[in-house]
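Residue numbers (UniProt numbering): 1 to 290.
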């Protein structure tokens, strides 16, 4: 059975869409945990309308953040495999069926593609999983959205779940630790090259567009995994570039210059890195480029 955790905070308006997308799955062998991060709107009442289905559970947590809500959901889950769905997103009807087919082929970690939709439901773009390969090649994959991956629960438990100190980039930081276990045990990640999740971009606060949170989360991950990054230069350069981009967005220009410079030194033949290092030096170019 697949256990799905939906972490939520004050998303009563969008929750029914997410829950109904699970109810409408072609594969009905699932359980759903709504892990509420201390919502102050009518989330509890909205979820209550769905609790007649015994497969759906509701957890009311204190306000400790999305990572804590995800971990809480996994703790009470009973399935051998886990996945997540953001409360303002939705799954396509064949999402779990596609995951289940890979499980039956002895997959232990699976990734799928996803769609970005604007607030009117129009397609912005589609993203697909890359061939992640071993952890330490230069194509390291990063989980960017909860619904795009399925993990055997025992691996999630072995790495201690999500780090609750990470406020942005939680999936990526968790993936770094997960990939080490997969690499050690030579476990392959199976990719589904179809968009099975709909990611809705809407007005209002959203962590994936909060550049301060991205900057802080990136800095935390770089510090936490410094010894690992120091051994794998191109991976390190990629994370430095993410931090630098966010630093520009929050007008921390001196920090951005340092990060872009470090990234370029690690990957000196990358023309894009060199170009960004030059652009960030000049205010008129920064304004035009970013």
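Where is the CB? At the ideal position from N, CA and C, for every residue including glycine.
Can you list, in chain order, the residues of its chain whose CB lies under 6 Å from that of residue i, leaving out five sequence neighbours each side?
i: residue 150; result: 81, 83, 99, 110
i: residue 276; result: 260
i: residue 136; result: Unreliable placement is indicated for residue 136, whose pLDDT of 44 sits below 50; no coordinate value is reported for it.
i: residue 19; result: 50
i: residue 296; result: Because the chain is modelled from 1 through 290, residue 296 falls outside the range shown and cannot be assessed.
i: residue 184; result: none
i: residue 289; result: 279
i: residue 128; result: 113, 193
i: residue 263; result: 237, 240, 241, 273
i: residue 17; result: 90
i: residue 29; result: 1
i: residue 207; result: Low per-residue confidence applies at residue 207: pLDDT is 49, beneath 50, and the placement is therefore not dependable enough to give any value.
i: residue 105; result: none
For the alpha helix (DSSP H) holding residue i, just list the boundary residues, first then last.
i: residue 265; result: 253 to 266
i: residue 220; result: 211 to 224
i: residue 96; result: 95 to 104
i: residue 43; result: 43 to 48
i: residue 83; result: Here residue 83 belongs to no alpha helix (DSSP H); instead the beta strand (DSSP E) covers 81 to 84.
i: residue 19; result: 15 to 23
i: residue 180; result: 170 to 184
i: residue 67; result: 66 to 76
i: residue 165; result: Here residue 165 belongs to no alpha helix (DSSP H), and DSSP marks it neither H nor E.
i: residue 242; result: 233 to 249
i: residue 277; result: 271 to 279
With which residues is residue i paired in a DSSP beta bridge?
i: residue 35; result: 7, 59
i: residue 287; result: Bridge partners of residue 287: none, in fact.
i: residue 192; result: 112
i: residue 119; result: DSSP lists no partner for residue 119.
i: residue 30; result: 2
i: residue 200; result: 117
i: residue 127; result: 114
i: residue 91; result: 197
For residue i and residue j, which I take to be in contact (beta-carbon distance under 8 Å), what is that distance rounded to the nearest angstrom?
i: residue 172; j: residue 210; result: The pair is not a contact, with the Cβ atoms about 15 Å apart (cut-off 8 Å).
i: residue 11; j: residue 32; result: Wrong, their Cβ atoms sit about 15 Å apart, outside the cutoff.
i: residue 124; j: residue 116; result: 4 Å
i: residue 2; j: residue 79; result: 5 Å
i: residue 212; j: residue 271; result: Not a contact, Cβ separation roughly 29 Å.
i: residue 197; j: residue 91; result: 6 Å
i: residue 181; j: residue 225; result: Actually they do not touch by this definition, with Cβ atoms about 14 Å apart.
i: residue 229; j: residue 236; result: 4 Å
i: residue 52; j: residue 61; result: The pair is not a contact, with the Cβ atoms about 22 Å apart (cut-off 8 Å).
So residue i is in the beta strand (DSSP E); what residue range does that whole segment cover?
i: residue 150; result: 149 to 152
Short of 8 Å in beta carbon distance, which residues of its chain neighbour residue i, apart from the five on each side in sequence? Order them along the chain.
i: residue 286; result: 248, 253, 279, 280
i: residue 76; result: 33, 57, 59
i: residue 70; result: 5, 7, 35, 84, 146, 161, 162, 170
i: residue 178; result: 109, 151, 155, 156, 159
i: residue 246; result: 211, 212, 214, 215, 218
i: residue 153; result: 3, 74, 77, 79, 80, 81, 82
Going along the chain, which residues of its own chain have a beta-carbon closer than 7 Å to the beta-carbon of residue i, five neighbours each way excluded?
i: residue 41; result: 10, 12
i: residue 15; result: 8, 43, 46, 47, 87
i: residue 156; result: 74, 82
i: residue 103; result: 81
i: residue 134; result: Any reading at residue 134 needs caution, since the residue's pLDDT is 49, under 50, leaving its predicted position unreliable; the model's value is listed next. The residues are 183.
i: residue 126; result: 113, 115, 195
i: residue 24; result: 93
i: residue 27; result: 96, 97, 100
Got a sec: does the ligand GTP put a non-hydrogen atom nearer than 8 Å to the Cβ of residue i?
i: residue 111; result: What this structure holds is no ligand at all, so the ligand GTP is not there to describe.
(request) Determine, using beta-carbon pairs with one atom in the segment 101 to 118 and one in the segment 170 to 190, whether at least three such pairs fall under 8 Å. (result) yes
(message) Between the segment 55 to 69 and the segment 23 to 39, can you find at least three pairs of beta-carbon atoms closer than 8 Å?
(response) yes
(message) Does the segment 238 to 257 come into contact with the segment 271 to 285, if we say contact requires no fewer than three beta-carbon pairs (one atom in each stretch) closer than 8 Å?
(response) yes
(request) Pair every Cβ in the segment 90 to 98 with every Cβ in the segment 154 to 170, then say whether three or more of these pairs are closer than 8 Å. (result) no
(message) Does the structure place the segment 238 to 247 close enough to the segment 261 to 272 that three or more beta carbon pairs sit under 8 Å?
(response) yes
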